[in-house]
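Asker: I am attaching a structure below and will ask some questions about it afterwards.
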């Protein structure tokens, strides 16, 4: 955590960003302990209080946010870690995390929006505000214990359906969304990968995307 904050300070001193967006998956490094989870939760709680930081939700965060919703279960989750996280994170804290974010002409989410899950048969793909509203609607549903297509499992979990914005696998499922450029994580890669005007940057914390005047 200290290393991360030192790195972020260096980034902010060098580039003076207006905002910093985290793509999610703060928990479940696998083989981590409840103590590790509590340290992460403590950092996350403090980071959520910084006005220029935007924190998105990943599939590994969802079961800690709503532990009673079986539709959000994810490998790596444990009840012991959940209890440790709950000692730190309140519902008010969780409510500060977002399902998706649009900035500088880029649509950001943990795994990506698939057109089949958001395209209306008559009106087509919503604008940016409409997509964010759909994501917020889905988040409200899963917080209430329900399932929702935008947070459903996909290919990675052996499901015969398209993964939602926290589960869409880049290699097996990702399809460009007409009218939008996306930046996503979720699928591990050794180096950033570009597909048309979309970027995958889940490189084990070795890479970031710097957006300046709409350009990455």
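In my numbering, the protein residues as written are 1023 to 1238.
Ideal placement from N, C-alpha and C gives every residue a C-beta, glycine not left out.
(1) Going by alpha carbons, who is nearest to residue 1211 out of 1226, 1218, 1203 and 1125?
(2) From 1187, 1220 and 1103, pick the residue whose C-alpha is nearest to that of residue 1052; which is it?
(3) Compare the C-alpha of residue 1075 against each of 1120, 1049 and 1190 and name the closest.
(4) To the nearest whole angstrom, what separates the beta carbons of residue 1060 and residue 1107, a pair I think is in contact under 8 Å?
(5) Alpha carbon to alpha carbon, what distance is there between residue 1172 and residue 1085?
(6) DSSP three-state call for residue 1051: helix, strand or coil?
(7) Rounded to a whole number of angstroms, what is the C-alpha to C-alpha distance between residue 1209 and residue 1180?
(8) Between residue 1213 and the rest of its own chain, which residues show a CB-CB distance below 8 Å, the 5 nearest in sequence each way excluded?
(9) Tell me the rounded alpha-carbon separation between residue 1130 and residue 1057.
(10) Assign residue 1193 to buried or exposed, taking buried as 16 or more other Cβ atoms, counted over all protein chains shown, within 10 Å of its Cβ.
(11) Grab me the residues of residue 1147's own chain with a C-beta within less than 7 Å of its C-beta, minus the 5 sequence neighbours each way, in chain order.
(12) Measuring only the C-alpha atoms, how far is residue 1070 from residue 1028?
(13) Just to confirm, is the Cβ distance from residue 1135 to residue 1204 under 8 Å?
(14) According to the Cβ coordinates, are residue 1215 and residue 1126 closer than 8 Å?
(15) When the distance is taken between beta carbons, is residue 1111 closer than 8 Å to residue 1162?
Answerer: Taking the coordinates as given:
(1) Residue numbering aside, residue 1211 sits at position 189 when the chain shown is read from its first letter. Closest by alpha carbon: 1226.
(2) Residue 1052 sits at position 30 when you count from the first residue of the chain shown. Per the Cα distances, 1103.
(3) Stepping through the chain shown from its first residue, residue 1075 is reached at position 53. Residue 1120 is the option with its Cα nearest to residue 1075.
(4) Position 38 of the chain shown, counting from 1, holds the residue named residue 1060. Position 85 of the chain shown, counting from 1, holds the residue named residue 1107. Right, the Cβ-Cβ distance comes to about 7 Å (below 8 Å), so this counts as a contact.
(5) Against the chain shown, residue 1085 aligns to sequence position 63. Against the chain shown, residue 1172 aligns to sequence position 150. Approximately 15 Å between the Cα atoms of the pair.
(6) Within the chain shown, residue 1051 is the residue found at index 29, counting from 1. In the structure shown, residue 1051 sits in coil (DSSP, three-state: anything other than H, G, I, E or B).
(7) Within the chain shown, numbered from 1, the residue matching residue 1209 stands at position 187. Within the chain shown, numbered from 1, the residue matching residue 1180 stands at position 158. Each residue's Cα considered, the two are about 15 Å apart.
(8) Locating residue 1213 in the chain shown gives position 191, where the first residue counts as 1. For residue 1213, where only same-chain residues beyond five positions count, the Cβ hits under 8 Å are 1225 and 1229.
(9) Residue 1130 sits at position 108 when you count from the first residue of the chain shown. Residue 1057 sits at position 35 when you count from the first residue of the chain shown. Going by the C-alpha atoms only, they are around 30 Å apart.
(10) The residue labelled residue 1193 in the question sits at position 171 within the chain shown. Classification for residue 1193: exposed.
(11) Position 125 of the chain shown, counting from 1, holds the residue named residue 1147. Only 1137, 1140, 1141, 1199, 1200 and 1201 meet the Cβ criterion.
(12) In the chain shown, counting from the first residue as 1, residue 1070 sits at position 48. In the chain shown, counting from the first residue as 1, residue 1028 sits at position 6. Each residue's alpha carbon lies about 17 Å from the other.
(13) Taking the chain shown and counting its residues from 1, the one referred to as residue 1135 is at position 113. Taking the chain shown and counting its residues from 1, the one referred to as residue 1204 is at position 182. Going by C-beta atoms, residue 1135 is nearer than 8 Å to residue 1204.
(14) Taking the chain shown and counting its residues from 1, the one referred to as residue 1215 is at position 193. Taking the chain shown and counting its residues from 1, the one referred to as residue 1126 is at position 104. No, the pair does not count as a contact, with Cβ atoms beyond the cut-off.
(15) For the purposes of this step, residue 1162 is identified with residue 140 of the chain shown, where counting begins at 1. For the purposes of this step, residue 1111 is identified with residue 89 of the chain shown, where counting begins at 1. It is not a contact, given that the beta carbons lie outside the stated cut-off.
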